[in-house]
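Numbering (my numbering), first residue to last: 1 to 351. Heads up, the beta-carbon is just placed ideally off N, CA and C, and yes, glycines get one too. Beneath this line is the structure, given in structure tokens, with notes to follow.
Structure below.
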């Protein structure tokens, strides 16, 4: 694990700007740079977990075209550097004490992934860490495990990303909210497919029932090994699915009929099978412009949302359940929880 340590009066990788403000001694930052998005979360420990003090999210499509050339394009790099510059300034403004900045599938796969990390260090003084697939899966589980039904003896947790999809089988209950939920993982896998890569291969603008089914079948093939290992998961009492990604939060927002996406309404909500099916069928029956006009989709995601739904559909078929819980939380929250747990901040708060 590569945290951002102190260097003099500022964290390594955070621009040393002094604006006269009092700096918090307990600000933490987590950055998730994926194939499609750049997301930052800055938080301070609180008695029941942490309090978010700033957040940032921007679609950068760092992995655009990666499936065809294994190379990050200059346009994608420039978009990403612009977003990372904003993140750097936000961390400086909040006086971040400790940070972990991770990059995932796009940087893992790209032949120039390490060169990109070096460029980020040289241009922005930020230390990006390219994490492996297991680390990514475990961080996603850590970030959303608090939404597992405490009565459930088995849960399938999944995170549909831009370039990969992480999936894990959790068994049993955690003893308390500050325990490490990864000790509950019985099996995990990382599928080399995400919304960007799938949409690029099959087309995301004009999606027919036939091309949608082709996407589902591709993901189903990739799921086979994990589905065999976790075959008994669905037979446990109170089994359910727990999804964290832009795909599932979009499905939840559409189901609620939100005039604009509202995290407070979506995070932690439950959906039934028939309602998920209705949303997917509605999206499949819409053209690109209609999807783009939906406030929970938008133009930036209109060509990706059905690829995400195809991954969701493959998971639903492999692990049938009438209950899906939706998490608008995941890797960033997992990073924050781990850093705060390592620093024993909640033990200090209970004194």
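In the DSSP assignment, residue 315 falls within the alpha helix (DSSP H) that extends over 305 to 318.
Annotation: residue 114 to residue 335 spans about 22 Å, alpha carbon to alpha carbon. In this structure, residue 43 lies near residue 27, with their beta-carbon atoms less than 9 Å apart. Distance from the CA atom of residue 128 to the CA atom of residue 239, rounded to whole angstroms, is 37 Å.
Annotation for residue 45: the continuous beta strand (DSSP E) segment containing it runs 37 to 46. Closest by C-alpha distance to residue 52, out of 333, 279, 100, is 333. Rounded to whole angstroms, the gap between the alpha carbons of residue 50 and residue 84 is 23 Å.
DSSP places residue 97 outside any beta strand (DSSP E), giving it a letter other than H or E. Counting only runs of 3 or more residues that sit fully inside the stretch 226 to 290, the beta strand (DSSP E) segments are 240 to 244, in chain order. In this structure residue 161 is not in contact with residue 250, their Cβ atoms being roughly 14 Å apart against a cut-off of 8 Å. The criterion of a C-beta distance shorter than 9 Å is not satisfied by residue 223 and residue 323. Look at the beta carbons and you see the stretch 197 to 216 not touching the stretch 153 to 160: under three pairs across the two are nearer than 8 Å.
In the three-state reduction of the DSSP assignment, residue 216 falls in the helix class, which pools H, G and I. When the beta-carbon positions are compared, residue 58 and residue 76 stay at least 9 Å from each other. Annotation for residue 288: 205, 302 place their beta carbon closer than 6 Å to its own, counting only its chain and skipping 5 residues before and after. With contacts defined as CB atoms closer than 9 Å, residue 80 and residue 102 fail to qualify as a contacting pair. Contact between the stretch 204 to 220 and the stretch 296 to 312 is present: three or more C-beta pairs spanning the two stretches fall below 8 Å. Around the beta carbon of residue 181, a 10 Å sphere encloses 16 or more other beta carbons of the protein chains shown; the residue is thus reported as buried.
For residue 273, same chain residues with a beta-carbon under 7 Å away, outside a window of 5 residues either side, are 322 in chain order. By the criterion of at least three beta-carbon pairs nearer than 8 Å, the stretch 227 to 239 is not in contact with the stretch 338 to 348.
In the structure shown, residue 143 falls within a helical segment according to DSSP collapsed to helix, strand and coil. Here residue 116 is not bridged, per DSSP, to any residue. With a beta-carbon spacing of about 13 Å, residue 244 and residue 311 fall beyond the 8 Å limit used to define contacts. When DSSP states are grouped into helix, strand and coil, residue 126 belongs to the coil group. Counting the other Cβ atoms within 10 Å of the Cβ of residue 158 gives 16 or more, which makes it buried. Counted as a single uninterrupted DSSP element, the stretch harbouring residue 49 is not any alpha helix (DSSP H) but the beta strand (DSSP E) occupying residues 49 to 59. Our two residues, residue 48 and residue 107, have alpha carbons roughly 34 Å apart in a direct line. Where residue 165 is concerned, the enclosing beta strand (DSSP E) starts and stops at 165 to 171. About 15 Å separates the CB atoms of residue 55 and residue 33; that is not less than 8 Å, and the two are not in contact.
The continuous stretches of alpha helix (DSSP H) do not include residue 205, and DSSP gives it neither H nor E. According to the DSSP assignment, residue 106 belongs to the alpha helix (DSSP H) that extends over 105 to 109. Per DSSP, the beta-bridge partners of residue 158 are 167, 243.
Just so you know, the alpha carbons of residue 66 and residue 72 end up roughly 6 Å apart.
Judged by DSSP secondary structure, residue 332 falls within the alpha helix (DSSP H) whose first and last residues are 331 to 342. Counting of Cβ neighbours within 10 angstroms places residue 64 among the buried residues, the total reaching 16 or more.
DSSP places residue 324 in the uninterrupted beta strand (DSSP E) bounded by 324 to 327.
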